[in-house]
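Some notes on the structure that comes next.
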Amino acid sequence: MNREADEKRTSWSISDLAQELDVSTRTIRYYEEVGLILPARTERGIRYYSRQDRARLRLILRGKRFGFSLEQIREMIELFGEDRSGRAQLLRAIEYGNQKLAEIDEKIRELGQLREDILAYKQGFEQKLLEEHGEGKR
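Position 9, counted from 1, in the sequence shown is what the UniProt record's numbering calls 9; the numbers after and before it change by one each time, with no gaps.
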């Protein structure tokens, strides 16, 4: 579908959204089950998703990609509903972002230490191999 037609579109099926956003339909249904998105339904019970549902789903997926919990994502989404200026939502996103950055920095520090430990063991093993078996022996 071209961009112009997509901008005029007002609803999507679950399979359309799943394909567009590269997620399974089960993932989308799960987000519905936990109340993060609330699609409308036809008389026959078929889900259809509005622009708002689509935007929320994009926010959910971005939040998950950044490592936020579903509860954190829910809170940020609900804050926008309470404060349409978006200020409260942005402040909370910044707060959670700072927490996530601190977690990442700690993981980087831990991985750096792990790398140094492994490197030290490896060098010790190589040295032991040279001492015990000589360089040219195999």
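C-beta atoms are modelled at their ideal positions from N, C-alpha and C, and glycine is treated no differently.
- Going straight from the alpha carbon of Tyr49 to that of Ile118, what length do you get? In the sequence shown, counting from the first residue as 1, residue 49 sits at position 49. In the sequence shown, counting from the first residue as 1, residue 118 sits at position 118. Tyr49 and Ile118: Cα-Cα distance of roughly 50 Å.
- How many Å lie between Gln99 and Gln127 at the Cα? Residue numbering aside, residue 99 sits at position 99 when the sequence shown is read from its first letter. Residue numbering aside, residue 127 sits at position 127 when the sequence shown is read from its first letter. If I take the Cα positions, the gap works out to 42 Å.
- Could you check the C-alpha separation between Ser24 and Ser69 for me, to the nearest Å? Numbered from its first residue, the sequence shown carries residue 24 at position 24. Numbered from its first residue, the sequence shown carries residue 69 at position 69. Near 19 Å, if we compare the C-alpha coordinates of Ser69 and Ser24.
- Closest by CA to Glu32, which one among Asp16, Ile60, Arg44 and Leu130? For the purposes of this step, residue 32 is taken as the residue at position 32 of the sequence shown. The residue among Asp16, Ile60, Arg44 and Leu130 with its C-alpha nearest the C-alpha of Glu32 is Ile60.
- Item | Ser69, DSSP secondary structure in three states | By 1-based counting over the sequence shown, the position of residue 69 is 69. Residue state, collapsed to three classes: coil.
- Which residues mark the beginning and the end of the alpha helix (DSSP H) in which Ser50 is found? On the sequence shown, position 50 is the one that residue 50 refers to. No alpha helix (DSSP H) contains Ser50, which is instead part of the beta strand (DSSP E) from Arg47 to Ser50.
- Message: At the level of alpha carbons, what is the spacing between Gln123 and Leu90?
- Response: Numbered from its first residue, the sequence shown carries residue 123 at position 123. Numbered from its first residue, the sequence shown carries residue 90 at position 90. Going from the Cα of Gln123 to the Cα of Leu90 covers about 48 Å.
- Item | Contacts around Arg41, its chain only, beta-carbon distance under 8 Å, and the 5 residues preceding and following it disregarded | Indexing the sequence shown from 1 puts residue 41 at position 41. Closer than 8 Å at the Cβ level, and outside the excluded window around Arg41, lie Arg47 and Tyr48.
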